[in-house]
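Numbering (our numbering), first residue to last: 276 to 604.
Here it is, written out as structure tokens:
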């Protein structure tokens, strides 16, 4: 399948992002390689559902539908997968815009029939106009973006990153959908890792599966002012630890923390050293970046410990669902 039909799923939940949602859809409609369809999945917000239905009622390639599962991003994505018709399903954040060649780069990756998923590069758009001097690039995952430490080019990876990713439909046939109870749920604690858990589950179901990231498949992700502060940085790092504990419970610590070990033992020490060097050279933010890396690691580790204890006591649960419906090409 060298030139697959691609459905794009955008999960939305709040009218506060109205302009961002319209921009995201416009970026998909402007692709050099057109999408088969764009599915806007609305997460338990009737007013937004009605407003978007009216907005796109004359646009046949855009379909608006309600999340058919429990509240949250995972169920919204599963709803989009079930309703989609493409051989490949791509996911775009509702506060991001895709560059014109985004879907073309995804499609190229599927020339190899072993490839089950292709992700891309996500660049931050800071609300203040520039990166905060203290904010380390190694922690750009905190704001949903590609972080320093990921290899460049088109490379094989353990998992793709959910806001800029695509999967072959047969990946969901093999592994099921996104697990509910791991990822985000509206405005509650900013959990994540649902795509990590899915990718590991997929690799177990299909040991020959190849998962790629192509850094030419670029989107630009808006970072609101509230997420430029250390308070959010700390909250998100803690939530990541909680999420990683759930993933480790699901797939085992060996696979669940495989990439994180390399990141913690190689990438982050280099980041601390770089920050301290910048501080010694009187460059702005060097000491802050070094301190933020240390604080981020400790906070995430604390979340992991708490999450592990909760999991053992049975206080943290999630569910993997099969995907039904849709057309398989």
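Where is the CB? At the ideal position from N, CA and C, for every residue including glycine.
The DSSP-derived three-state label of residue 411 is coil. Residue state for residue 453 is assigned as coil, using DSSP reduced to three classes.
If you draw a straight line from the Cα of residue 494 to the Cα of residue 421, it comes to about 10 Å. In this model, residue 398 and residue 496 are separated by some 6 Å (Cα to Cα). Judged by beta-carbon spacing, residue 318 lies beyond the 8 Å limit of residue 292, meaning their Cβ atoms are not closer than that value. Going by DSSP, residue 471 is part of the alpha helix (DSSP H) stretching over 469-480. A distance of 8 Å or more separates the beta carbons of residue 449 and residue 402. Fully enclosed alpha helix (DSSP H) runs of no fewer than 4 residues occupy 348-358 of the stretch 330-379, in order along the chain. Of the candidates 392, 303, 551 and 586, 303 places its Cα closest to the Cα of residue 375. In the DSSP assignment, residue 552 falls within the alpha helix (DSSP H) that extends over 543-555. At the C-beta level, residue 279 and residue 339 stay beyond 8 Å of one another. Distance from the CA of residue 377 to the CA of residue 307, rounded to the nearest whole angstrom, comes to 8 Å. According to the DSSP assignment, residue 540 belongs to no beta strand (DSSP E), since it is labelled neither H nor E. In this structure residue 437 is buried. Its beta-carbon is surrounded by 16 or more other beta-carbon atoms within 10 angstroms. Under the three-state reduction of DSSP output, residue 417 falls in the helix class. Nearest in C-alpha terms to residue 341, of all of 475, 489 and 287, is 287. Between the C-alpha atoms of residue 452 and residue 557 there is a straight-line separation of about 49 Å. The residues 414 and 512, in chain order, have a CB closer than 6 Å to that of residue 571 in the same chain once the five nearest residues on each side in sequence are set aside. Rounded to the nearest whole angstrom, the C-alpha separation of residue 499 and residue 299 is 16 Å. Taking C-alpha positions only, residue 384 is separated from residue 394 by approximately 9 Å.
Secondary structure of residue 435 (DSSP, three-state): coil. Put simply, of 554, 381, 475 and 548 the residue whose alpha carbon is nearest the alpha carbon of residue 492 is 381. Within its own chain, the residues whose Cβ lies closer than 6 Å to the Cβ of residue 522, once the five positions on either side in sequence are excluded, are 468, 471, 472 and 531, listed in chain order.
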